[in-house]
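Okay, structure first, notes after.
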Amino acid sequence: MKIASIDVGLKRIGLALCLQKNIVIPKEPILRKNRNQAALDVKEFLDFWEIDTLVVGLPKGGSSEEEMSRRIKHFVSLIKFDKKIVYIDEYGTSLEAKDLTKGIFKQTKDGKIDSIAAKLILERYLNSVTYM
Numbered sequence: 296m297k298i299a300s301i302d303v304g305l306k307r308i309g310l311a312l313c314l315q316k317n318i319v320i321p322k323e324p325i326l327r328k329n330r331n332q333a334a335l336d337v338k339e340f341l342d343f344w345e346i347d348t349l350v351v352g353l354p355k356g357g358s359s360e361e362e363m364s365r366r367i368k369h370f371v372s373l374i375k376f377d378k379k380i381v382y383i384d385e386y387g388t389s390l391e392a393k394d395l396t397k398g399i400f401k402q403t404k405d406g407k408i409d410s411i412a413a414k415l416i417l418e419r420y421l422n423s424v425t426y427m
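With this note's numbering as the guide, the letters of the sequence shown map in order to residues 296 to 427.
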């Protein structure tokens, strides 16, 4: 089964991929010009890799949880992905991604952190289904 994850942000969308077992690879992020362009780019990514399951990070807790969840679910609906979609808690993945990459590459706005966060989201998902 081929699984991908996305970390949806207002400016960038992090991407990660799992093509076999528990090997998760961050991929080149999508820089978001507008939501329609970004949704099309995500759809092309999913189609290219023939993804069976899409894992989407949703923020749990915090004052903007409801608003961000609504925005992320709306964005996912624009992708028009007709296979399995799973939403999981992304709490802390961006901070963890920043900590993991300190000193490896500059903390720039190029989306690398977002794709590392997507990798962490996908690893959380894989760990949850492995132990169920």
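Just so it is clear, CB atoms sit at the ideal spot from N, CA and C, and this is done for glycine as well.
Look at the stretch 303 to 374 and you find these whole runs of alpha helix (DSSP H), each 4 residues long or longer: 330 to 343, 360 to 374. When DSSP states are grouped into helix, strand and coil, D384 belongs to the strand group. A299 is bridged by DSSP to L312, L349. Approximately 11 Å separates the beta-carbon atoms of I416 and P321; this is outside 8 Å, ruling out the contact.
From the listed residues L349, K338, F376, the smallest Cα separation to E418 is found for L349. The Cβ-Cβ distance between L341 and F376 falls below 8 Å. Classified as buried, G309 has 16 or more neighbouring CB atoms from the shown chains inside 10 Å of its CB.
The C-beta distance from V371 to Y420 rounds to 15 Å, too long to meet the 8 Å contact threshold.
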